[in-house]
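Positions in the sequence shown are counted from 1; adding 30 to them yields the numbering used here.
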Amino acid sequence: MPDSKIAAAIFAAHLVVIAFNVAGLIVIPVGAWLGWSIVRIAWLRLLHLGLLVIVTGQALAGRACILTIWQNDLAGFGQPTQPMIMRWIERLVYWHLPMWVFAAMYSGVFLYVVALTMLVPFGKSRHRRDQHSPN
Numbered sequence: 031m032p033d034s035k036i037a038a039a040i041f042a043a044h045l046v047v048i049a050f051n052v053a054g055l056i057v058i059p060v061g062a063w064l065g066w067s068i069v070r071i072a073w074l075r076l077l078h079l080g081l082l083v084i085v086t087g088q089a090l091a092g093r094a095c096i097l098t099i100w101q102n103d104l105a106g107f108g109q110p111t112q113p114m115i116m117r118w119i120e121r122l123v124y125w126h127l128p129m130w131v132f133a134a135m136y137s138g139v140f141l142y143v144v145a146l147t148m149l150v151p152f153g154k155s156r157h158r159r160d161q162h163s164p165n
């Protein structure tokens with residue numbers, strides 16, 4: 031079925047978005063502490079912040095993530111033909127909790143990322159190691 035292949039592609043994209051967002055929560059503060067310049071790249075940080083704005087906004091509006099909605103519309107619910115690994119991953123990704131729980135969690139994560147934006151600003155690191163050779 032073409033719809034199930036599109037649903038699987040959306041699910042894969044959803045996993046990439048989740049991994050990117052979760053990794054950013056860890057990599058940004060650790061990378062800033064270790065002096066990694068990648069954590070100060072503006073477009074990456076703005077993408078991270080923007081994705082969290084979308085997810086948090088949808089949760090505060092009482093809606094599921096748009097990728098979840100699209101996947102469910104295309105795949106339907108409880109397909110018995112799913113591979114076992116996909117069922118396990120879906121259980122890890124999709125929690126059956128009230129929407130207010132997600133709104134609270136996403137709001138907290140969003141505030142954390144806003145704080146990271148202030149604590150680890152874009153641009154060059156202030157703690158760069160001097161790479162000049164002595165004259």
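C-beta atoms are modelled at their ideal positions from N, C-alpha and C, and glycine is treated no differently.
The shortest C-alpha to C-alpha distance from Val-46 to any of Gly-153, Val-123, Leu-146 and Leu-127 is the one to Val-123.
Straight across, the Cα-Cα distance linking Ala-43 with Ala-105 is about 15 angstroms.
Of the candidates Trp-125, Leu-81 and Arg-70, the residue whose Cα lies closest to the Cα of Phe-50 is Leu-81.
The region 51 to 112 is shown to contain no whole beta strand (DSSP E) run of 3 or more residues.
Tyr-124 sits in coil when the DSSP states are folded into three classes, being neither helix nor strand.
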